[in-house]
Amino acid sequence: MSRHLSKLVVCAALIGICINVVFGQHLADPNFKPDVANPAYTKNPPRVMFGSPSLEEKSVLAISSKVVSLCEQNVVPMTDTDKETLMIQQSQLYLPAQLSKYGCHFTITHNTLIAMAGIDESNGDGNYILWPKDPQQTANSVRAYLQKRFGLQYAGVIITDSASRPLRRGVGGISLAHSGFAALNDYVGKPDLFGRPFDVSQADIAGGLADAAVLQMGEGTEQTPLVVVNDLPFVTFQDHDPTPEELAPIKLSLGDDLFAPFLGSVDWQKGKQYQGDGAAPGQTTV
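Throughout, this note's numbering is defined as the position within the sequence shown, counted from one, plus 16.
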């Protein structure tokens, strides 16, 4: 997993910028030169502007989880293992592939329903790309860097990925972690247009922003792992990392989920990350 990646099909220029963002180095180096010898660069040169970047107050920076994992070198060469073994290692719970028409393992990983534990092969050049090691810590660190680098009081960060949705073709964005703003907009107890109080309505702000950002990032050769989202009057920004109390309501246990009748009616197998019945609120239990 700690091997150097020799020829990832992501242009070296763009990866260099993203490494700087994730690890808090210079965001734009005027002396940086793209690796024009890289085949990926010559085939699909990046649409990037080099110069002095800027970030507005109360903006949200969305970062693709894939580029975070690449920066962490959290990858495994395909020659070293098989995807099913990796899936079991990375997941909390998983379903046998034979249950799927497409031979796909559905898993619960990081308390998220996701195919194959989020393991990706696209644009990996012979490597399995895993989810980031600690997306929440990355989101917090990048937010702190952005505030310092641009002199901001409020800045938001989300780590994104894409996932399929039941009964719909295509993929949409999901948030693996957020920092710098309230992830949920709670309507419970507030009146609707006719004075009737909402009982359960909560808007998934982090998920909605991730969905919009992933649409801009694309799913192919767009080479756009960073998206800035601004003009967000509906977002409640915060000048601190999300606390455990703020994170707990975002994710639900299987028994508390609205879709519990479906999720609880299948024979989940335990992955290596299984937490058991003693899991904390918001963690996966069966």
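Ideal Cβ positions, reconstructed from N, Cα and C, are used throughout, including at glycine.
Predicted model only: the values in this text are computed from it and were never measured.
- Contact check for S191 against A226 passes: the beta carbons are separated by less than 7 Å.
- CA-CA distance, K117 to Y110, rounds to 16 Å.
- If you keep only unbroken beta strand (DSSP E) runs of at least 3 residues inside the segment 97–175, you get 122–125, 128–131, 143–145.
- Secondary structure of G186 (DSSP, three-state): strand.
- In this chain, the beta strand (DSSP E) harbouring D202 covers 200–202.
- For P258, the three-state secondary structure derived from DSSP is coil.
- In chain order, I174, S191, H194, A199 place their CB closer than 7 Å to the CB of A222, counting only its own chain and leaving out the 5 sequence neighbours on each side.
- With contacts defined by Cβ atoms closer than 7 Å, T176 and S80 form a contacting pair.
- Per DSSP, the unbroken alpha helix (DSSP H) holding L225 starts and ends at 221–233.
- The Cβ atoms of Y144 and I135 sit closer than 7 Å to each other.
- Closest option to P265, judged by alpha-carbon separation, among G236, P93, Q218, G287: Q218.
- If you ignore the 5 residues before and after G205, its C-beta comes within less than 6 Å of the C-beta of P213, all in its own chain and listed in chain order.
- Nearest neighbour of T252 by Cα position, chosen from S75, S70, K288, turns out to be S75.
- For S281, no beta strand (DSSP E) run applies, since DSSP gives it neither H nor E.
- Comparing alpha carbon positions, the residue from S107, Q152, I104, L168 closest to P260 is Q152.
- S138 sits exposed, since fewer than 16 C-beta atoms from the chains shown fall within 10 Å of its C-beta.
- CA-CA distance, P112 to D220, rounds to 30 Å.
- Distance from the CA atom of L77 to the CA atom of P241, rounded to whole angstroms, is 10 Å.
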